[in-house]
Every structure is written in C-alpha cells, then in structure tokens.
RNA sequence: GCCGAAGUGGCGGAAUGGCAGACGCACUUGACUCAAAAUCAAGCGUCCUCUGGACGUGCCGGUUCGAGUCCGGCCUUCGGCACCA
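Residue numbers (my numbering): 4 to 821.
What follows is the structure, given as structure tokens:
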C-alpha cells in the first residue's frame, strides 16, 4: 500500500502554499498573444465568510479558466472588491464602526477565504474601489465625462428612497420600489449630476449584435433602452403663443384625435389653465402628488383627469381640441403630452368614455370590414379627409410629411425609454464628486492634478437626507481652483455603479499612478474574453459598463467598443426551502462546514456535479457524500495504478481497447461540455472513466499496467480543473513532476472512438424490437440483411410487406412495413 | 396585457430529430462481517395476462420511417417589460 494521505483540507493548504511559493498562476505578461481575460464580477466585502454564491460564481468559473489554461491560454483571472456602498455605512450607523474600518477588515477576511478556495486569482492585480489610488481615477473618469459634456448637472424630480436617504437612478427602481431595500420610492426635486447615457442609446442597441451574450440579457437591455420610432407633432394653443409637442407612434390616427392630454407635472399646465378651472386643476395636481409611485404606475387603476379649460388647435383640421391633464400621461416619457385618439388607443378610449369625449373612427381593419372600437391595430384610413384610403403605414409618412411642409408642424422622431444616469448620492461611503462651486466662477471641476478629492474620515453620517459630507466643515471649504476665492465642494458621492463600470479596465494596470492605465497595454488585454456574474446585473452594471467603455473609446483612451466579449450568467443557488438564501430567512447555507469536513475540492466537485450551472436550484447536500466517495475511489485507483504500473504488458486487447474508448469518449465530452459551463456532465464522464478502470481491474487477470497508468495520468489531467489541489497530490503520487496545472489538456483520438463491433437497435415501424451486433465498418446492405434476420424483429415483419429500411449508422435500423 | 425561458423517475439531473432516464442520490436485495460501517455485486419509470407486451418526457393536435427535441393551440411555473403614447 502506498503511504498516501487521503484528501483533506490539509492537502488544500499544502498546495496553496506551493502555488504561492512558485508563483504558478502569476500572469505572464510576455505571453500576451495567448491571453485570456477571465473575469468574475467582483464582490462586495460583506462581513460574513464566503457564501455559496461566491463559490458558485468564482470557484466554478475558475474551473472553466483552469481548463482553458491547460489548453494553452495565458489566463488573466484577477480579483478585487467593490468596496464602496451602503451596507458598510448602514452597519456603521448601527454599530458605530467606521465604514473604512469595517470594510478593510472584511476585505482581509475575504482575501483569506478566497485563498482557501484555491482559485487562480493573481493578487498582484487586485483593485479595491474605496482606496484613494482607485477612486482617484473614478473621479478622473467623472472629469473626462464632464469635459465631453457627458456629465451634466440639472434640477429634476428624482427618485428618492426615504429609507436609504438618497436619490436613485432609474435602473435602481424596481416596480416603484428601491431595488436595494424594497422601500417605495418618492419623487424629490433636486439638482443632481447625470451621465448622458442616452447619447449612446442607439449604439448600445447596435453593439449587442456582435457580442456573445445570453439572448435574454440582450433583450432585456434592448427593452430597457426602449427605442421607438414615431413622430413629434406640434399642437398650437388657442390663445397663448405657445405649443404642445407630443410624441406618437401612430401619426396615422391623427385625424381621430379629439383632445390633448398633458401630464399633471407638464410645464404648460400652469400656462394654459383658465382662471375658472384653476382651483380644480390645482386640486387635481395635489391629488396626483399624493398618489404613490406604485399606484400611479398601476394599469389596473381607473384613469382620472381634469379639463384645463384651454384648447389646442388640430394641426390638420384646425379644430378646437380640449386640453386635459390626466395621471395616465407620464411626464418622464416622451414629451409628457399625448394626442388622444380614443377610437384607436385603449387608454384614451377608457378615458373618453369616462369623461364623455367624442370617439370617432379613423382606421378600419380593411376596406370592407367594420369592427368595434377601440381598434388598435394598423388598417386603412377613413374619415381622414385627403388621407382616406391610405394604409396606416403609408399614412404615418404622408401625414408627417404634410405637416412638415405645412409650417414645420411635425417631424419623424425616435424616442427612448432610457433616461440619463443619475449618479449623485446623498451618502458618505462613496467617491466624492470632484467639483467645486464658486460664487464667481460657478461650477468648477477639480483640476486633475489635485485628485483624488479625499473622502474625509471624521464625518457624521447620521442619515437625515442631507449628504453627510455637507456636515464636514473641513471637507466643504476649499479655495476655488480658478480664482482662489473661498468656494464649496460638491457634497454628494458617486453611485457605486460608477466605480464598477470601469474596474475591468484597471485590473491589468492596477499600479499605474500617473494615468488610469496604459492604453497600449489595455488595448491588448481587453476586451474581457469571458465575464461571469449574476443575471441581476443584466441591465444596471452591464449597461453602465458598456456605456463608459464607448465613451472612453470616443475620448481616445481605449480602442475597443465592447468591454465583455462573452458573458455567462450563473444560476442562483437557493436555500434548501427553494427561497432565496438570506440571513434573515435563516435559510443560508455556509460552505465552511463542508470544507472543514471534506476539503475545498470535494465542495467544489459537488457544486460542479450536483446542479446545472446556468440554472442553479435549491441547495441540497444529498450527493456530497457521493462525491467524497468518488474522490476516495480515485485515490485508491491512483495507488492501484502505481502498484500495477510495471506488470507485464500483453497485447493491447479487447479490454484495453474498451478502457481506451471510455477515456477518449471522456476527453471529447469534457472538452466540449466545459466550454459551455456544462460541468455536471464533465464530472459524469470522469465517473464513467473511473468505473471503467475498476471494471478492468476486477475483470482482467493479465493486466496491462503501463497502459492503465497512462490512462490514470490522463484522468488526473482531466480532473485537474475540477479538483485543483487533489489533482496535484495525485499527480505527485503517480510520480509525475510539479505541476499538473502546467500539463497540457489531453486530446482525443478519433481512432480510439471507433469500436470493432457496434450494437444497433432494430426498429419495426419505429418501435424497438431487437438489437443486433455488427462490425462497425459494415456497409448498409449488410446491416439491412442482419436487421431483417433479427429474431424478435422477424415476428413483427412476418406477413407484412417491407416498404423501406432506414439505417442510421452507429445507432439504429428502422424497418418500415405495412 | 406583451416578450422570453422552463416543465423528463421518489430526488439532483442526462440526451447533434435516432435505443428516454447517462452520471449520481435515495431505496431494495445479496456478498464480506460476530455485528455494524466501509467496500463490492445486482435491481430500481408505470401497468399487465410478466422468457413477453402495453403505456410513458405538463395537456391536445400536427409534421416525420422515427418527436423530450420541430410546428400549431392550451395549462402551469419562473424571469423581464408594462398607462411607454
């Protein structure tokens, strides 16, 4: 018996040390030509130990990257921390422990824990977003966007989370509630900084074409951007010299417009409302304000509105159209005003019925059909004067053209659902916005030479809706960079999504101190070849990162258009109860006990084997023992292979051929499956190979020990990405030299996959009746003849006429009879 | 309401239009053992008149020699969008 220690976490530690000492996974910059940038979404340093989600994301992606490394790629797999953000600040409010202190100590814990995972992270390239050497460049990024006019400040009603005490970007509002704490958001009028992501709306859609991302994610981004083509049409007011601009995708229904609706918050409401209606209108606006965002957006709710007493003029007929205000028109979409066509829009229809407004029909399904209203599809125009008889499609062009020619009253337009990205946050634990306000000079960006604008340590961050930095006298007061007169700093911090929208650019050049990165180097290292992270970032982070990349490209700092060439979303491992894991629900499962008991590779193997990576599912440890058993089987067989290694080698016979077949079948399968993150089948193939080896050992008396040793060596190579520590140990036990991870990936041999004889199923009329054994190179005629002789098949053929025989090579024969 | 994905044994899950349930878990039986554990071996979709056969991948239909897979219609679950003009 070879004296090998059986696998445990001691083996993990042993090899982790060795890897560190030998710098095994250090990225070799000179091999840039073969680089493969494999990135996992970096994590927020929360206090607790690593959870299953981290393992699932980092550990399994690492297995993918390890396979790639063995296939000859120089893998760049960095790790870092998205360290700014609310949880640390909230924790501080509760406990008095400063975010800086808790974050840095959490990071230390996580670093240690991540090392025990045994991933290939190259810590030389770590980034920590809350450190001045990182956020200096986050601020730099802000200044570049500002210079380009892509960062601007405006007063607007913004989403406000009363619980987080801060404003939120549109993307951070989920069903009218704060994405983070589920508190209902309210509106607040504030002057805030925005990034002009809308300037890239079209390109953000177009860029989706060329990247290897899940279709679902692309669709989500596309929907989020919400591009719709239509027309802008002007309605002059009766009386005041002003106009209402509306956006519509249905200019063809213009002649059916019987009133115009403004959102209650629309600028013109105040202008048009007549004196007699003023009280009613004001009252209505008050009523709307009191509605919650959720109620306001509910489609189920009955629409309400009020007549302003004013009229607009129909751009074609000149007819007087009453101007209403109603809550079903949103100030945030389009122009905040609509032309109401009750005959052909369900919402306008409902509203018109309720307030007894006329509902004419201007579109028919076809010339001779006459359906009920509202009819919302395209059709043929009627009651539309000169436009009668045109199809909707034709009319959309004709009507806009006519109006354009007639005093520039309309134009073709594209409208987007996407809003500019609000980046100001009234919180402490973030990167300060590098801007100074001077009474004489106005908005003055902090000169790049003065960066970083340091986040002060001693700050009262009690949440009261006022930015904590505003309460720091030492922070706010600064001389104006332009005129040196006393001025004040911006007291808001940047949305943490700003930090994470460029970190992948910093990793490869994380020590650069005079510029954020060296463009020549970054242009070689990027784009990221494989990006793996949760589907919850499908719009927010991934859209922001794409936008920032495109903006930086336009400024000449990088030369590529898309940051992430390929993207995979891992599934979510739920609690054993099928609910999302969370501390408060008490269904969180910690990996630690499993690792303590079985070692990190067994835990990793179980994650790989027990679930589908893309789908995830409820946690269960039912099979972890099976995996531990498998590992023991593997260890025992390594001993066995070493023992019989020098037994005499008979001719390479049937039994050896069978084992060889299973080996090459496994190589082929694993090579293909690992590519698509199909890890569970990879482990299955390895189990099959192990089963075949045991079968051989117990059935064959005259063993070919040298061959079995070779097979086992290949097994360990294939095993290495999935059980990195154990594989090193086994590799050593086999007598090979360090390191198995520097070995090349086995290649399969077509010839080994060709068996001497193969079993074919014999079907009669598509139902399996018998099996036959034929030579694998048998021709069709032979196979047909054999099939017709198959005993059990004959019973079903007798007395029938054979119509056709279909032969599927290597699989089956179907005899069609009648 | 619109868009998309999914639905396979008791369980996790496999199946380029070609032998459904690979690989495991759980379970049953046997070997070894004083016994247990471990290990090894066998069985394990349902039903029946059981050396065989019928049925079977959410439901109903279709295409095909052949459908879990393709097409049409439904049901359920999940995800996204939703008074978006």
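Even glycine gets a Cβ: it sits at the ideal position worked out from N, Cα and C.
The structure presented is a predicted model; accordingly, all values stated were derived computationally and were not measured.
Indicate whether residue 140 and residue 436 have their beta-carbon atoms separated by less than 8 Å.
Position 137 of the first chain, counting from 1, holds the residue named residue 140. Position 433 of the first chain, counting from 1, holds the residue named residue 436. Going by C-beta atoms, residue 140 is not nearer than 8 Å to residue 436.
Measure the CB-CB distance between residue 379 and residue 347 and report whether it falls below 8 Å.
Counting from one through the first chain, the residue named residue 379 turns up at place 376. Counting from one through the first chain, the residue named residue 347 turns up at place 344. Cβ distance < 8 Å, so residue 379 and residue 347 count as in contact.
If you check the beta carbons only, do residue 645 and residue 736 fall under 8 Å apart?
Here residue 645 is taken as the residue at index 642 of the first chain, counted from 1. Here residue 736 is taken as the residue at index 733 of the first chain, counted from 1. Yes, these two residues count as a Cβ contact at 8 Å.
How many whole angstroms separate the CB atoms of residue 574 and residue 617, which I take to be in contact at a CB cut-off of 8 Å?
Locating residue 574 in the first chain gives position 571, counting from the first residue. Locating residue 617 in the first chain gives position 614, counting from the first residue. Contact flag correct, Cβ pair sits at about 5 Å.
Hey, how far is the Cα of residue 447 from the Cα of residue 483?
Taking the first residue of the first chain as position 1, residue 447 is located at position 444. Taking the first residue of the first chain as position 1, residue 483 is located at position 480. Answer to the nearest angstrom: the Cα atoms are 7 Å apart.
For the region 529-536 against the region 561-575, are there 3 or more C-beta pairs whose distance is under 8 Å?
Taking 8 Å as the limit for Cβ pairs, the verdict is that the region 561-575 does touch the region 529-536.
Can you give me the C-alpha to C-alpha distance between residue 508 and residue 256, rounded to a whole angstrom?
Taking the first chain and counting its residues from 1, the one referred to as residue 508 is at position 505. Taking the first chain and counting its residues from 1, the one referred to as residue 256 is at position 253. Roughly 49 Å between the two C-alpha positions.
Quick one: what does DSSP say residue 497 is sitting in, helix, strand or coil?
One-based indexing of the first chain puts residue 497 at position 494. The answer is strand: DSSP assigns residue 497 an E or B state.
Are the CB atoms of residue 786 and residue 810 nearer to each other than 8 Å?
In the first chain, counting from the first residue as 1, residue 786 sits at position 783. In the first chain, counting from the first residue as 1, residue 810 sits at position 807. Contact: yes.
Let me know the alpha helix (DSSP H) ranges lying completely inside the region 638-701, each 4 residues or longer, listed in chain order.
Fully enclosed alpha helix (DSSP H) runs of 4 or longer: 657-678.
With DSSP run on the structure shown, which of helix, strand or coil describes residue 611?
Residue numbering aside, residue 611 sits at position 608 when the first chain is read from its first letter. It is helical.
Is residue 732 buried or exposed, if buried means 16 or more other CB atoms sit within 10 Å of its CB?
For the purposes of this step, residue 732 is taken as residue 729 along the first chain, with counting starting at 1. With 16 or more other Cβ atoms within 10 Å, it is buried.
Does DSSP put residue 163 in a helix, a strand or coil?
Here residue 163 refers to the residue found at position 160 when the first chain is read from its first residue. Three-state result, residue 163: strand.
Rounded C-beta distance between residue 721 and residue 669? I'm assuming under 8 Å.
Counting from 1 along the first chain, the entry for residue 721 is found at position 718. Counting from 1 along the first chain, the entry for residue 669 is found at position 666. About 7 Å separates the two Cβ atoms, so the contact holds.
Relative to the C-alpha of residue 133, which residue among 104, 341, 525, 176 is closest?
As a working note, residue 133 is residue 130 in the first chain. Residue 104 is the option with its Cα nearest to residue 133.
Considering only C-alpha positions, which residue in the set 206, 353, 676, 612 is nearest to residue 552?
The count along the first chain starts at 1 and reaches residue 552 at position 549. The option with the nearest alpha carbon to residue 552 is 206.
Give me, in chain order, the residues of the same chain whose beta-carbon lies closer than 8 Å to that of residue 803; leave out the 5 immediate sequence neighbours on both sides.
The residue labelled residue 803 in the question sits at position 800 within the first chain. Once the five neighbours on either side are set aside, the close Cβ partners of residue 803 are 820, 821.
Give the straight-line distance between the Cα atoms of residue 5 and residue 648, rounded to the nearest whole angstrom.
By one-based count along the first chain, residue 5 stands at place 2. By one-based count along the first chain, residue 648 stands at place 645. In this prediction, residue 5 has a pLDDT of 39, which is less than 50 and means its spatial position is unreliable; what the coordinates show is noted afterwards. So the alpha carbons of these two residues sit roughly 13 Å apart.
Less than 8 Å between the beta carbons of residue 673 and residue 612, yes or no?
Indexing the first chain from 1 puts residue 673 at position 670. Indexing the first chain from 1 puts residue 612 at position 609. No, the Cβ-Cβ distance between residue 673 and residue 612 is not below 8 Å.
Cβ of residue 655 within 8 Å of Cβ of residue 707?
As a working mapping, residue 655 is identified with position 652 in the first chain. As a working mapping, residue 707 is identified with position 704 in the first chain. The answer is yes: Cβ separation under 8 Å.
Assuming residue 638 contacts residue 11 (C-beta within less than 8 Å), just tell me the rounded distance between them.
For the purposes of this step, residue 638 is identified with residue 635 of the first chain, where counting begins at 1. For the purposes of this step, residue 11 is identified with residue 8 of the first chain, where counting begins at 1. Not quite, the Cβ-Cβ distance comes to about 11 Å (not below 8 Å), so this is no contact.
Quickly, what does DSSP pair residue 231 with across the bridge? List them, please.
In the first chain, the residue the question calls residue 231 occupies position 228. Residue 231 pairs with 418.
Would residue 253 be called buried (16 or more neighbouring beta carbons within 10 Å of its own) or exposed?
Counting from one through the first chain, the residue named residue 253 turns up at place 250. Buried: at least 16 other Cβ atoms inside 10 Å.
What did DSSP end up calling residue 7 once you bin it into helix, strand or coil?
For this step, residue 7 is matched to residue 4 along the first chain. Residue confidence for residue 7 is low, a pLDDT of 45 falling below 50, so the modelled location carries little weight; the figure read from the coordinates is stated next. Reduced to three states, the DSSP call for residue 7 is coil.
Please work out which residues of its chain come closer than 6 Å, Cβ to Cβ, to residue 354, disregarding the five sequence neighbours upstream and downstream, and give them in chain order.
Position 351 of the first chain, counting from 1, holds the residue named residue 354. 306, listed in sequence order.
Tell me the rounded alpha-carbon separation between residue 7 and residue 605.
As a working note, residue 7 is residue 4 in the first chain. As a working note, residue 605 is residue 602 in the first chain. Residue placement at residue 7 is flagged as unreliable, the pLDDT there being 45, under the threshold of 50; the coordinate-derived value follows with that caveat. Distance between the alpha carbons of residue 7 and residue 605: 18 Å.
I think residue 332 touches residue 425, with their Cβ atoms under 8 Å apart; what is that distance to the nearest whole Å?
Counting from 1 along the first chain, the entry for residue 332 is found at position 329. Counting from 1 along the first chain, the entry for residue 425 is found at position 422. Not really, about 22 Å apart at Cβ, beyond 8 Å.
Less than 8 Å between the C-beta atoms of residue 70 and residue 724, yes or no?
Your numbering for residue 70 matches position 67 in the first chain. Your numbering for residue 724 matches position 721 in the first chain. Yes, the Cβ-Cβ distance between residue 70 and residue 724 is below 8 Å.
If we call anything under 8 Å between Cβ atoms a contact, is residue 170 one with residue 109?
Start at 1 with the first residue of the first chain, and residue 170 comes out as number 167. Start at 1 with the first residue of the first chain, and residue 109 comes out as number 106. Result no, Cβ atoms of residue 170 and residue 109 do not sit closer than 8 Å.
For residue 165, which option in 184, 156, 147 has the closest C-alpha, if you only look at C-alpha atoms?
As a working mapping, residue 165 is identified with position 162 in the first chain. Checked all of 184, 156, 147; the closest Cα to residue 165 is 184.
Is the Cβ-Cβ distance between residue 191 and residue 160 less than 8 Å?
Walking along the first chain from the start, residue 191 turns up at place 188. Walking along the first chain from the start, residue 160 turns up at place 157. Yes, the Cβ-Cβ distance between residue 191 and residue 160 is below 8 Å.
Just the Cα atoms here: how many angstroms apart are residue 280 and residue 270?
Here residue 280 refers to the residue found at position 277 of the first chain. Here residue 270 refers to the residue found at position 267 of the first chain. Rounded to the nearest angstrom, the two C-alpha atoms are 17 Å apart.
Can you tell me where the beta strand (DSSP E) with residue 817 in it begins and where it stops?
In the first chain, residue 817 corresponds to position 814, counting from 1. Unbroken beta strand (DSSP E) run through residue 817: 815-820.
In angstroms, rounded to a whole number, what distance separates the CA positions of residue 433 and residue 407?
Position 430 of the first chain, counted from the start, is the residue given in the question as residue 433. Position 404 of the first chain, counted from the start, is the residue given in the question as residue 407. Distance between the alpha carbons of residue 433 and residue 407: 49 Å.
Looking at the secondary structure, which residues open and close the beta strand (DSSP E) in which residue 773 lies?
Along the first chain, read from residue 1 onward, the residue named residue 773 stands at position 770. Note, residue 773: beta strand (DSSP E), 770-778.
Give me, in chain order, the residues of the same chain whose beta-carbon lies closer than 7 Å to that of residue 386; leave out the 5 immediate sequence neighbours on both sides.
Position 383 of the first chain, counting from 1, holds the residue named residue 386. Taken in chain order, the residues that qualify are 258, 363, 364, 365.
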